[in-house]
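Please read the structure below before turning to the comments.
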Amino acid sequence: MRLAVVFAVALWAAAVTAQVRLPFTRQSHSLSSNARRRDDDERRSTSTVDFFSADTVYLVNVTVGTPPQNMSMMLTVQAGETWVVNANNCDEDGYSLKYGWCKYGSFMPNESSTYVNPGTETFMTSYTEGYAYGEIMSETLSIGDVQLGKLNMGIADTADTYIGVLALGFNTSAYSPSPYSSSSNNATSESLPTVPDRLLTNGKINSTAYSLWVDDLSTESGSLLLGAVDRSKFEGPLTRFPIVTSFSTSKVFNTRIHSINGSKSSSDAFEPLGSLGSSYNDKPFVRISPHNIASWLPDDIAQDIYAIAGATWLESQSNYVVPCSANTSTAQLAIQLHGFDGPVLNVPVSDLVIPADFWSSSKWSWDTETATQYCLFGVQSDNSSSSSTSTTSGSSSSTFSLGGMMLKRAYMVFDLANAEMAIAKTKFGGGATEDVIPFPSYAAEVPGSTSVSVVVSVYCPVGATSDECDPNGSGSGDGYGHYDSVGLSKGAKIGIGVGVGGFSLIVLALTVWAIMRCRRIRRAEAELAEKQERVEEGTGAAAEAGIDKDLNPAMSQQPSVAVKESASMGESVQDVTTTVNVKGNKIDTSKLQQGPLEL
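The sequence shown maps to residues -18 to -1, 1 to 581 in mature numbering (1 follows the signal peptide of the UniProt record, and there is no 0).
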């Protein structure tokens, strides 16, 4: 009994500790002085703001190698490849000083005893934040109080932003080989384990899922909780829904904007924004990217938001800006994700004004004889130059996304195991008492969450009809996705599959037993009928031999003659009673005369 109690306590302790907490920060003064602020008379020399610079993203502190080398890495929920900057590329004259390369730390491979790099496998990654390519190495990575030995990571020789990346995305394409490699022994075609994968296999978490939230509306700090949710950090329903990935992209945390409405003030009614259309296929894909400061939306939606917020295009910055005084605006946005019962993001327009200490510019007006200070706006149009990011091939690609300013009030759960997300309203100032609930097992549903009633994860190619793509239509689909009436986690689906399989086997066994029993009964009936037929044939033959079938009136005299003839020979007739069944008629011979008869 005592051993059982100890074992139960050990299991409970293991479940409770199946989590890793990691704080992150965003730089409060992100841009260098020559790009932060310029008055209008200096606007020609103003540098274009880079929304994807290392100064605008979430940073986590880690160590790499043995002995440990300290550095900060950029946190991303979309990429699968974790990589560090090769310190050998941080000493180029001019570039490193001018652009602040490697200021968040780089890795010196020849100073680590656990560094392994055969030099035969390369990696290349390209995503919204930029690109990097180099070689794959094996090294020790420490995050929080967890050490991951022999972790496959990239060591980048070339990148557009010289800061390492801690990747928490899907591993469907992690560390894929670079097309620029000339090695015949280029990287394996299979994905390598990512950081969440390794945390799972090392027993540090029970499922590849994590929560993310910011501490306050400044978004300068927050927490990453791997393998668990903290119920003290959100309020209201935690709504769970599946990701939706288009055919042209790898698996990422995408969803669709089901509806978006806005009001110019707290007293005005909400009105629809943009032209989303009525069918599911008309809803735009968006990436959930809390690590990026700004959001990129379709131009028709963005223009309606600009009209509400008072944002304008600033040519010198190639971005939309808004008067910094809009940080007191009472205008509101309501964005519903996924479907009609998906989570709703209630976003004050004031949340979308990027603080002046990030970037600001003053513009003089001769009409009012005053200067207006402008700040960057947290929503950019897909038509703006900043919405396109260069790739290694030299082309550009536009991706809609919801960034950190739009998501600052959202408590988010990213579930890799089930390809789902869950969103609730963040509870700011929730107190120091934590209420952490780990995922109990791999692919378990998000603790305390409620699934949407209609689960949609369908891709509709260009040219498909509404019936083929709209989940409310009658089409059979195109094979790129599926539509389920009830949302279930992968673990629940596995359990249902096992149950249905077991039930099917039982039904099959009962069916086989019933068929065999039926055959035995029919065989027995046939044998019985055959025996009865033989009895009837034998009895009928005996009756025909001694009795006239016609049963005429003279029949009763014929036996007397026979008996008399026998008696004349000195024989006696015994007392005989015979009943013969002939074709259903009974003949009683008990009345035949007895004893010796005289002729």
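Beta carbons: idealized from backbone N, C-alpha and C, even for Gly.
DSSP links Pro254 through a beta bridge to Asn243. Per DSSP, the unbroken beta strand (DSSP E) holding Tyr115 starts and ends at 112 to 125. Lys407 is not a Cβ neighbour of Gly244, given a cutoff of 7 Å. Judged by their CB atoms, Leu398 and Thr221 are not nearer to each other than the 7 Å cut-off. Around the beta carbon of Phe252, fewer than 16 other beta carbons sit within 10 angstroms, so the residue counts as exposed.
The C-alpha of Thr58 lies about 20 Å from the C-alpha of Ile336. Taking C-beta atoms as the reference points, Val66 and Val42 fail to come closer than 7 Å.
According to the DSSP secondary-structure assignment, Arg269 is paired through a beta bridge with Asn236, Ser383. Distance between Gly146 and Ile287, taken at the CA atoms: about 34 Å.
Buried is the label assigned to Trp195, since at least 16 other Cβ atoms lie within 10 Å of its Cβ.
Setting aside the 5 residues that flank it on each side, Ala491 has no residue in the same chain whose C-beta is closer than 6 Å to its C-beta. Listed in chain order, the non-local C-beta contacts of Asn236 below 8 Å within the same chain comprise Ile225, Val226, Thr227, Ser228, Phe267, Val268, Arg269, Ile270, local neighbours out to five positions each way being set aside.
Approximately 4 Å separates the beta-carbon atoms of Gly112 and Asp142; this is inside 8 Å, confirming the contact.
With contacts defined as CB atoms closer than 7 Å, Met388 and Ser261 fail to qualify as a contacting pair.
Annotation: the continuous alpha helix (DSSP H) that includes Val177 extends over 177 to 183. Residue pairing of Val2 in beta bridges, as defined by DSSP: Leu208. Glu416 and Asn188 have their C-alpha atoms some 19 Å from each other. Within a 10 Å sphere around the beta-carbon of Glu427 sit 16 or more other beta-carbons, which makes this residue buried. Residue burial is scored here from C-beta neighbours: Phe322 has fewer than 16 other C-beta atoms within 10 angstroms and is therefore classed as exposed. Counting every other CB atom within 10 Å of its CB across the protein chains shown gives Phe485 a total below 16, marking it as exposed. Judged by DSSP in its simplified three-state form, Ala313 adopts coil rather than helix or strand. Beta-bridge partners of Gln51 (DSSP): Val46. Under the DSSP assignment, Ile287 falls in the alpha helix (DSSP H) whose first and last residues are 281 to 291. Distance from the CA of Pro91 to the CA of Ser332, rounded to the nearest whole angstrom, comes to 46 Å. Per DSSP, the beta-bridge partners of Cys357 are Val304, Ser342. Excluding its 5 nearest sequence neighbours in each direction, Thr312 has C-beta neighbours in its own chain below 6 Å: Ser247, Ser248, listed in chain order. Going by C-alpha positions, Pro330 is about 11 Å away from Ile317. By the beta-carbon neighbour count (other beta carbons within 10 angstroms, threshold 16), Arg238 is buried.
With a 10 Å radius around the Cβ and a threshold of 16 neighbouring Cβ atoms, Thr350 comes out exposed.
Glu202 and Phe105 have their C-alpha atoms some 32 Å from each other. In the three-state DSSP reduction, Val66 falls in the strand class (E or B).
Of the candidates Ala291, Glu297, Leu327, Asn328, the residue whose Cα lies closest to the Cα of Thr310 is Ala291.
Here Ser300 is exposed: its Cβ has fewer than 16 other Cβ atoms, across all protein chains shown, within 10 Å. DSSP lists no beta-bridge partner residue for Ala399. Cβ-Cβ distances below 8 Å link Phe6 to Tyr40, Leu41, Val42, Leu57, Ser203, Gly204, Ser205, Leu206 in the same chain, with the five nearest sequence neighbours on each side left out; the list follows chain order.
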